[in-house]
Amino acid sequence: MNNLNTTASYLTDITFRSIHSEFKKSLTCFVVKEITDLVPNEPVPRNRLNIPKQLKLADPHFEKPASVDMLIGSGPTLSILCPGQLKILNNDNLILQKTKLGWILGGNLESTNLSKSSRCLVTSLPFDLERFWRLEEKLDEERTLSKDELYCEEHFITHVKRSKDGRYIVALPFDKTKGKLGNSKQTALKQLLYLRKRFQRDHEYKREYTKVIEEYLKLGHMTLVETIGGDGFYLPHHGVPKLDSLTTMLRVVFNASVTPSDGGCSLNDCLLVGPTIQDDLITLLLRFRTHTYVILADIEKMYRQFLVRDSDRKYQKILWFVNDEIREFVLNTVTFGVAAAPFLAIRCLHQLADDEQERFPLAAKILKRDMYVDNMLTGTNSVEEARSICTQMTQVLRTAGMNMRQWAANDPNILSDIESKNLDANFDLSNDNTLKTLGIRWRAKTDSYVYKIKPISVTERFTKRKILSEIAKIFDPLGLLGPIILFAKKIMQDIWKAKIDWDETVPNDIYYQWNEFCLQLSCLPDMSFNRHILTNDANEIQIHGFSDASETGYGACIYMRSKDTFGNYKITLICSKSRVAPVKTRSLPRLELCGAQLLANLYVHTIRSIRIQVDRTYFWCDSSITLHWINTAPPTLKTFVANRVVDIQLKTEIHAWRHIRSEDNPADALSKGQLPNDFLNNEIWLHGPPWLQQNETEWPESHIIGLTEIPEIKKAHCFVTKSDSYCAHLLKIIENQTSLMKLKRIFALCLRLPKKYRTNTKIRDMRIKDLQKAENAVIRLVQGSVFANDIAPLKANKPLNEKSSLASLDPFIDEENILRVGGRIRKAIAPFSKRHPILLSKNNFFTDLIIQHYHTAHFHTGIQNTLYAIRENYWPIDGRNQIRKNIRKCTICFRANPQLCQYKMGDLPQVRVTQSRPFYNVGVDYCGPFFIKEKRYRNQKFIKIYVAIFVCMTVKAIHIEVVEDLSTEGFIAALRRFISRRGLPGTIYSDNGTNFRGAHNKLNELYELLNSQQLKINLEKFTNSNKIEWHFIPPHSPNFGGLWEISVKQFKHHFKRVAADKRFTLAEFNTFSIEIEAILNSRPITRISSDINDLSAITPGHFLIGDSLKGLPEQNYTKIPDNRLSAWEIMSKLKQQFWERWNKEYLNELNIRHNKSAAEPKLTKDLVVLIKEDNTPPMQWNMGIITDVHPGADKIIRVVTVRTKHGLKKRPTSKIAVLPIDDNLEKQETISKLKMM
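Spelled out as structure tokens, the structure:
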């Protein structure tokens, strides 16, 4: 059906009968999973349909949405139709048809709600898989709260309250920047009806589901709403079975992320998520391994223990059945599935800890430190303190209306005060039962972690989807199975590199690897690891970290070595991390360095998690190159190595790194990966190398092999130059700088180089006096090159030459050998620099740098203010003009007030100055929309129409056509009417469609018409068949079509002044438009003489009246006397005299250029320009580079092609502003950036 295919595996014979008669019919049907969605898709308002009550309907409840059980073909359907058909009153779209089953309703009914929308969300899964083999990952990164997270915290503090019974009441944190909340009632209703269908099939599912809802009502977590409707949000809900749960067999999940049917925002879209305020999973598991005695428990129904304030409960509406009737309820508590729920629940626990800290100090500490959502993993080093923790946790949670359950511990005395009903059902220290703690199984009897890996079935065909699914099921957050996990990750990377589809069979080599992995994994026994990593009564604790790398990957593992009072050592694997080698090939030393960096990050994360005082730390690596790099100063290394060495040196002590043999390195297996059988035979993985059990004096010596040359070392370059013109080179350096501060720093470093070698001070310690010395050195150098003739006599205590330009300033040389102004204000009470400013020459690059610096520092102030600021310290000669010149070259100032290019008015096109029949060469444009009435009666609705204006390019005659709509056919029809009345044109000119892009929204329809592909195709066919040439002006160039633009303006001028707000019918509007056409065609196109004896001015009407639309060519009668002509020839002579006057009076006036003073812009390729954008501030105009120029017939450039970051654009020069960038380094950098776009 509709070219869609459905696969059916079964056939069945059925018989159906009428509910009103004995009629029945048998059919053979295909069995499919689902035919369609609910029909109708929304409830039908039956009370609005005038259905006669005596009619027996085939479906008495047709108005309710329901599933389709059977789809009948057209043949059987026609066979059950009967004579008889009725129309529904007040609805022409619906009919009642009689059938053998009863009357049925057919037709279309206007929906009261928006139709259901569909969305397709696409994600790139291969991109997400790259996280498994990234080069590195930050383990110790500390997050800072974002602006939204800070607001969420402040919102909680402001609105949280506590009821009389101690329970917390919170408010939902809405995001004020999001859109309007949508209406999700229809979606919730559809989900509820789907649940009803499942309830009919699965009675056990219905029983568990109903049990959960009734519990909500019983505990007051949900309330029936008496008033139906109103604002708010409806949450669809569904059940998720929990087969491994002992307390909740089915969890009802509420979907606050559902997209509403009206396209609005979902509840989760409008809520803030809030910050993460609990420690991560790995941190809790690591800390859990440090306690001698441990306790596990969780809070019963934690989310539902916190109330939502009354005003926010309307956003948590649900639909449910009451006596088989659909009713509305509101959820009164924090609801699982709402985006802000985790933050609100956990934040309430922290608030409880703050409120009850004085009464329950132990419990307050645990609520903030040892909770992962509603699970508690904590412990201590004494039974008494552990019992106190149990007591305080029970009491503190009871004050807030909560209950702690599923208690478990590794010592029975700890839980002696806990009721048996609150103990974990699997907790029994006398057998080997395991409990699940944050995804890892813990055996209380042996106090150990147990890994139970489900065997993977081996088949003849493995796909990418199947393999990745099985790998994802192996959960090992602490990395205790690190070598096995890396082997699986390597297979995953190989699959990704093979670039196969999800359901495609993997290549043979991968198949054999995976097959062997699955076979050995099924034989792997339950692996157990000691939970407690410390020995009893430890008096010395050491941390030992190991790293290694191979072509397969790199990894790091950390062990704890603790010593008791009897001198016994216990070495335990704490955790490990591994990464597969990146797809891009890296050298082995670089991978070794990445392994060392991973070890440093893992160490920092581990120390922060376990919070144990460590006596000594050792880091072991079997790569001599890596150890040399760690002991090398980072600035001397290449970038890749230097960045990682800096990170390692900041997080670890350099002297703690030691060399180890590869055979003693447990990280060797971690970097290469191991099959399960090899992993079982790995003797050093669980407890490290055997010599760790001995005293440090018996450890193998750490020898770092000396290297003749260390790789990745930067080569030192020393450049020595010798020149006779030392000052000339320094001036060249000054001339090439674009920043005054950069120039001063360069000279400061150069001046300090000798001192650096004498005192070994750091160059980066730049002080103000160093910069001032550098500035004085530059000034002396510049003044010495410019004012040499004036400085020489001053140093010899001789007067200046009378012709010197500095004579009036009475200059002198100060103690720093700098030329300053003497002036006449020596006795003024002012700073020395203001009384005697430093002299600066004009037209000098250093003077320009100072002017640019002060101009920028004072936020691009004007000439006067910039001059005032500079004269506080400097006296530039001809300062005002020098500043004016630099400000004109300031790019930022120019962009704030750009000067667009002006060009000489071009020659008129040939069609404007060549005699031709009226409307042989025309321009066309649209204007509107205008609103008219459908009929002449009152209170009729208005409709849009448009006006097409055709203007003769030769005599400015105007022809107006009214267009009823913006369809292609409407425009072609208007063009046909124009041709039928005015004759077939030879050439038509019109705007380019993009001229309407920046127009008002009302012109969007017009823009779509002019840019539509269908219009262009139809126009091309029509103009080709009639031999008409169609020309478009350049984009964004309305000035190229000034002739028809002024015609539109003239039409609107008359229309607005006469019609005002009147509403015409179509006939009245057409009549009025033609009258305006007559007025415009009667306007003079030449000057009106004040002499009464002169002839009247020529108007377009002179060329229109009496001219045949298909007139034959006529003889020229202007030179023949009237007495030799017939009457008809005399009329032709009068018309020809109009053309003679057109040539003498009108054509000559067109010769004047109204912008004759405009200079032609000098536009060339590679010029950096700004493109003017209408309705956009100048600072946001696009910058581009001219790639091509398009000169006209008169060699004047009026159109250019510009490359911007959005691509090539063709624009008139009137929309172009040339940036004032000199031919220097700044211009070259700008051009290179633009060319790369």
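Mind the numbering: the sequence shown is residues 1 to 1237 in full-length UniProt numbering, read in order. Ideal Cβ positions, reconstructed from N, Cα and C, are used throughout, including at glycine.
Q: Have a look at the DSSP bridge pairing and note the partners of residue 39.
A: Indexing the sequence shown from 1 puts residue 39 at position 39. DSSP, once it has assigned bridges, lists 66 as partnering residue 39.
Q | Alpha carbon of residue 584 to alpha carbon of residue 554, nearest angstrom | A | Within the sequence shown, residue 584 is the residue found at index 584, counting from 1. Within the sequence shown, residue 554 is the residue found at index 554, counting from 1. Going from the Cα of residue 584 to the Cα of residue 554 covers about 14 angstroms.
Q) Does DSSP put residue 118 in a helix, in a strand, or in coil? A) Against the sequence shown, residue 118 aligns to sequence position 118. The predicted position of residue 118 is uncertain, since its pLDDT is 43 and thus under 50; a value taken from the coordinates is nonetheless stated next. Reduced to three states, the DSSP call for residue 118 is coil.
(Q) Check this for me: beta carbons of residue 1198 and residue 1192, under 8 angstroms apart or not? (A) As a working note, residue 1198 is residue 1198 in the sequence shown. As a working note, residue 1192 is residue 1192 in the sequence shown. The beta carbons of residue 1198 and residue 1192 sit closer together than 8 angstroms.
Q | Distance CB(residue 258)-CB(residue 251) smaller than 8 angstroms | A | What you label residue 258 is simply residue 258 of the sequence shown in a count that begins at 1. What you label residue 251 is simply residue 251 of the sequence shown in a count that begins at 1. The answer is no: Cβ separation not under 8 angstroms.
Q: Go through its chain and collect everything with a Cβ distance to residue 1081's Cβ below 8 angstroms, but skip five positions before and after it.
A: Here residue 1081 corresponds to residue number 1081 of the sequence shown, with the count starting at 1. So the qualifying residues of the chain are 957, 958, 1099, 1100, 1101, 1104.
Q) Under a Cβ-count criterion, where at least 16 other Cβ atoms within 10 Å of its own Cβ denotes burial, should residue 843 be classed as buried or exposed? A) Against the sequence shown, residue 843 aligns to sequence position 843. With fewer than 16 other Cβ atoms within 10 Å, it is exposed.
Q: Could you check how far apart the C-beta atoms of residue 550 and residue 556 are, in whole angstroms? I think they sit under 8 angstroms.
A: The count along the sequence shown starts at 1 and reaches residue 550 at position 550. The count along the sequence shown starts at 1 and reaches residue 556 at position 556. Not quite, the Cβ-Cβ distance comes to about 13 angstroms (not below 8 angstroms), so this is no contact.
Q. How about residue 187 and residue 254: do their beta carbons lie closer than 8 angstroms?
A. Here residue 187 is taken as the residue at index 187 of the sequence shown, counted from 1. Here residue 254 is taken as the residue at index 254 of the sequence shown, counted from 1. At a Cβ-Cβ threshold of 8 angstroms, residue 187 and residue 254 do not count as neighbours.
**Q.** Beta-ladder partner(s) of residue 328, from DSSP
**A.** Residue numbering aside, residue 328 sits at position 328 when the sequence shown is read from its first letter. Answer is 319, bridged to residue 328.
Q | For residue 1051, the three-state DSSP class (helix, strand or coil) | A | Locating residue 1051 in the sequence shown gives position 1051, counting from the first residue. Note: residue 1051 maps to helix in three-state DSSP.
Q: Note down the Cα distance separating residue 793 from residue 730, rounded to an integer number of angstroms.
A: On the sequence shown, residue 793 is found 793 positions in, with the first residue counted as 1. On the sequence shown, residue 730 is found 730 positions in, with the first residue counted as 1. Each residue's alpha carbon lies about 25 angstroms from the other.
(Q) Taking 8 angstroms as the threshold (C-beta atoms), are residue 676 and residue 520 in contact? (A) On the sequence shown, residue 520 is found 520 positions in, with the first residue counted as 1. On the sequence shown, residue 676 is found 676 positions in, with the first residue counted as 1. Yes, these two residues count as a Cβ contact at 8 angstroms.
Q: Identify the continuous alpha helix (DSSP H) that holds residue 392 and give its terminal residues.
A: Residue mapping note: residue 392 aligns to position 392 of the sequence shown, counting from 1. Taken as a continuous stretch (DSSP letters only), the alpha helix (DSSP H) holding residue 392 covers 383-398.
Q. What is the rounded straight-line gap between the Cα of residue 198 and the Cα of residue 104?
A. For the purposes of this step, residue 198 is taken as residue 198 along the sequence shown, with counting starting at 1. For the purposes of this step, residue 104 is taken as residue 104 along the sequence shown, with counting starting at 1. If I take the Cα positions, the gap works out to 28 angstroms.
Q) Given residue 644, which residues of its chain have a CB within under 6 angstroms of its CB, disregarding the five upstream and five downstream residues? A) Counted from its first residue, the sequence shown places residue 644 at position 644. Taken in chain order, the residues that qualify are 593, 597.
Q. Can you tell which of 992, 572, 157 has its C-alpha closest to the C-alpha of residue 683?
A. Stepping through the sequence shown from its first residue, residue 683 is reached at position 683. Minimum Cα distance to residue 683 is reached at 572.
Q. Does DSSP put residue 788 in a helix, a strand or coil?
A. Numbered from 1 along the sequence shown, position 788 holds the residue referred to as residue 788. Of the three classes helix, strand and coil, the one that applies to residue 788 here is helix, per DSSP.
Q) Once you ignore the five residues that flank residue 1113 on each side, which residues in its own chain have a CB closer than 8 angstroms to its CB? A) Working through the sequence shown from its first residue, we reach residue 1113 at position 1113. With a pLDDT of 45 at residue 1113, under the threshold of 50, the predicted position of this residue should be treated as unreliable, and no value is reported.
Q) Looking only at its own chain, which residues have a Cβ that is under 7 angstroms from the Cβ of residue 269, when we skip the five neighbours before and after it? A) The count along the sequence shown starts at 1 and reaches residue 269 at position 269. Contacts found: 178.
Q. Is residue 846 helix, strand or coil when you go by DSSP?
A. Taking the first residue of the sequence shown as 1, we reach residue 846 at position 846. It is helical.
Q: Could you check which residue in 418, 566, 279, 681 has the C-alpha nearest to that of residue 483?
A: As a working mapping, residue 483 is identified with position 483 in the sequence shown. Among 418, 566, 279, 681, the Cα nearest to that of residue 483 is on 681.
Q.
Using CA atoms only, rank isn't needed, just tell me which of 1163, 678, 818, 1210 is closest to residue 1219.
A. As a first step, residue 1219 must be located in the sequence shown, where it is residue number 1219. Among 1163, 678, 818, 1210, the Cα nearest to that of residue 1219 belongs to 1163.
**Q.** C-beta contact flag for residue 738 and residue 1221 at 8 angstroms
**A.** For the purposes of this step, residue 738 is taken as the residue at position 738 of the sequence shown. For the purposes of this step, residue 1221 is taken as the residue at position 1221 of the sequence shown. Contact flag unset, no.
**Q.** residue 1062, DSSP secondary structure in three states
**A.** Numbered from 1 along the sequence shown, position 1062 holds the residue referred to as residue 1062. If DSSP states are grouped into helix, strand and coil, residue 1062 belongs with coil.
Q | For residue 358, the three-state DSSP class (helix, strand or coil) | A | As a working mapping, residue 358 is identified with position 358 in the sequence shown. In this structure, residue 358 counts as coil in the three-state DSSP scheme.
Q. Hey, residue 960 and residue 1069: beta-carbon distance below 8 angstroms or not?
A. Against the sequence shown, residue 960 aligns to sequence position 960. Against the sequence shown, residue 1069 aligns to sequence position 1069. Contact: no.
Q. Nearest-angstrom Cα distance between residue 1071 and residue 1064?
A. Reading the sequence shown from its first residue, position 1071 is the one you call residue 1071. Reading the sequence shown from its first residue, position 1064 is the one you call residue 1064. Each residue's Cα considered, the two are about 10 angstroms apart.
Q: Mind reading off the beta-carbon distance from residue 35 to residue 68? Whole number of angstroms is fine, and I expect it under 8 angstroms.
A: Within the sequence shown, numbered from 1, the residue matching residue 35 stands at position 35. Within the sequence shown, numbered from 1, the residue matching residue 68 stands at position 68. So it is a contact: roughly 5 angstroms between Cβ atoms.
Q | Alpha-carbon spacing of residue 942 relative to residue 1078, whole angstroms | A | Here residue 942 refers to the residue found at position 942 of the sequence shown. Here residue 1078 refers to the residue found at position 1078 of the sequence shown. Going by the C-alpha atoms only, they are around 27 angstroms apart.
Q: Return the bridge partner residues of residue 340 from the DSSP annotation.
A: Along the sequence shown, one-based indexing puts residue 340 at 340. DSSP output for residue 340 lists no bridge partner at all.
Q. Under the rule that 16 or more other beta-carbon atoms within 10 Å means buried, what is residue 825, buried or exposed?
A. Along the sequence shown, one-based indexing puts residue 825 at 825. With fewer than 16 other Cβ atoms within 10 Å, it is exposed.
Q) With 16 as the cutoff for other CB atoms within 10 Å, does residue 219 come out buried or exposed? A) Start at 1 with the first residue of the sequence shown, and residue 219 comes out as number 219. With fewer than 16 other Cβ atoms within 10 Å, it is exposed.
Q) Mind checking residue 787: buried by the 16 CB within 10 Å criterion, or exposed? A) Counted from its first residue, the sequence shown places residue 787 at position 787. By the neighbour-count rule (16 or more Cβ atoms within 10 Å), residue 787 is buried.
Q: Thinking residue 453 and residue 524 are a contact (beta carbons under 8 angstroms), I'd like their distance in whole angstroms, please.
A: The count along the sequence shown starts at 1 and reaches residue 453 at position 453. The count along the sequence shown starts at 1 and reaches residue 524 at position 524. Right, their Cβ atoms sit about 6 angstroms apart.
Q) What number of angstroms, rounded off, separates the C-alpha of residue 814 from the C-alpha of residue 777? A) Position 814 of the sequence shown, counting from 1, holds the residue named residue 814. Position 777 of the sequence shown, counting from 1, holds the residue named residue 777. So the two alpha carbons sit approximately 13 angstroms from each other.
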